[in-house]
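Engineer: Below is the structure I would like to discuss, written out as structure tokens.
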Amino acid sequence: MRAFLAEYTVFHDPDLAVEGRAMLKILSESFARCGYEVVYPRDGDLMAEIEGLAPDCDVGLIIAPDHLLAPLTKKLEDCTRNIGCGSMNIALCANKKRSLQVLAAHGIPVPAEKTDGLKVVKPIRGCDTYNTRLTEASPGPDEIGQEYIEGEPMSVSLIGSRIVGEACLYFSGAEPLVLSLNRQKITLGEDGYFAYHGGETPVDHSMKDEIVRTAVEAATVLGCQGYVGVDLVVGDRPYVLEVNPRMTTSMVGIAACMEEEIAALLVDASHGDVPADGVHLKGRVEFDREGRVTPL
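Under our numbering, read the sequence shown as residues 193 to 488, first letter to last.
This is the structure in structure tokens:
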């Protein structure tokens, strides 16, 4: 069996490559333990390399910044079995303004859009906390302003089973598999810019059930499958900040605690099969952007 794994930033975006390299390492080692030969692209035209290498593989997965992920995944879908989120759903999630409008229309709490006064301004299409800031200035082109909600930054890591496209052959009706609730380490600098430093997992919370339920609803409404990371801020209730239809850095910490293999979970979910009794996590760890994990 062969698995095609491509992480865009490792070759094409040095500023983000440290996180990408950590995620790619976790995935590669898991697929190898599950008996797969792992096939990687080189540092050329990634679209062309997908077309050249993926057809000879049994499964494939792309990790890339949100604005690039949809077209790259569409090419992968044309060449082999994609075990990540579908390209159409990725495109929706990548547009933070549109995806939050969809969630709000379905009654899922999200920060209100805001153009005046103090607010959070971020790129409509972006990843991590890149260029996200607390400011009274107006949003620039291709940016969105949102209500600033004070609270705890959290995330929920999920794996959705197949629900759309050719995957309807494997529709099971199973809800997304919850991997873990994670606490994010995000700071607000004196310059007003937010910065992401990693987090800890798994964590408990007095509102855990509501947080997880909100994340599951958000991923389901947006039609996500494969690994999904839902970012929230927990104030008087959980508010969804964004839905990441791809592998996130939290997986580095989860893999250190989880008995199951992430590779097996992703492949099984692509056939509509998720474990009825969930996953099994032991211990708790802290992780950083560079992939370092520390037991707690």
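Heads up, the beta-carbon is just placed ideally off N, CA and C, and yes, glycines get one too.
From what residue to what residue does the beta strand (DSSP E) around L369 run?
Structural biologist: Its beta strand (DSSP E) spans residues L369 to L380.
Engineer: Do A198 and L261 count as a contact pair if the criterion is CB distance below 8 Å?
Structural biologist: No. Outside cutoff.
Engineer: Out of L414, G299, K217 and V485, state which residue places its alpha-carbon closest to the alpha-carbon of G278.
Structural biologist: Out of L414, G299, K217 and V485, L414 has the C-alpha closest to the C-alpha of G278.
Engineer: Can you list, in chain order, the stretches of the beta strand (DSSP E) that have 3 or more residues and sit fully within the stretch 416-457?
Structural biologist: Counting only runs of 3 or more, we get 418-426 and 430-436.
Engineer: Using a Cβ-Cβ cutoff of less than 6 Å, which residues in the same chain neighbour C226 once the five nearest sequence positions on both sides are dropped?
Structural biologist: Hits under 6 Å: E453, A455 and A456.
Engineer: Which value, in whole angstroms, describes the spacing of the CA atoms of T441 and Y362?
Structural biologist: Between T441 and Y362, the C-alpha separation is close to 28 Å.
Engineer: For M346 versus R375, is the C-beta distance shorter than 8 Å?
Structural biologist: Result yes, Cβ atoms of M346 and R375 sit closer than 8 Å.
Engineer: Have a look at D469, G418 and E305 and flag the residue whose alpha-carbon is nearest the alpha-carbon of S330.
Structural biologist: Closest by alpha carbon: E305.
Engineer: Terminal residues of the continuous alpha helix (DSSP H) containing H204?
Structural biologist: Y200 to H204 is the span of the alpha helix (DSSP H), which, as asked, contains H204.
Engineer: Using the C-alpha atoms, what's the distance from V432 back to L510?
Structural biologist: As displayed, the chain neither begins before 193 nor continues past 488, which places residue 510 out of reach and without an answer.
Engineer: Could you tell me which uninterrupted alpha helix (DSSP H) segments, each at least 4 residues in length, are contained entirely in the stretch 238-288, listed from first to last along the chain?
Structural biologist: Here the runs fully enclosed are 238-245, 258-271 and 279-286.
Engineer: Could you have a look at G318 and say whether DSSP puts it in helix, strand or coil?
Structural biologist: Coil.
Engineer: Across which residues does DSSP place K311 in a beta bridge pair?
Structural biologist: DSSP lists T327 as partners of K311.
Engineer: Spatial neighbours of N281 within its chain, please: CB distance less than 8 Å, with the 5 preceding and 5 following residues excluded, ordered by chain position.
Structural biologist: Taken in chain order, the residues that qualify are V356, L414, G415, C416, Q417 and P437.
Engineer: Taking the alpha helix (DSSP H) that S220 belongs to, which residues open and close that run?
Structural biologist: Residues A209 to R225.
Engineer: Who does R194 pair with in a DSSP beta bridge?
Structural biologist: Note: R194 sits in a beta bridge opposite E229.
Engineer: I'd like to confirm the pairing. Which residues does DSSP put opposite E409 in its beta bridges?
Structural biologist: Its beta-bridge partners do not exist; DSSP assigns none.
Engineer: Buried or exposed for L284, going by 16 or more other Cβ atoms inside 10 Å?
Structural biologist: It is buried - the Cβ of L284 has at least 16 other Cβ atoms within 10 Å.
Engineer: Buried or exposed: where does L245 fall if 16 or more other Cβ atoms within 10 Å of its Cβ makes it buried?
Structural biologist: Its Cβ being crowded by 16 or more others within 10 Å, L245 is buried.
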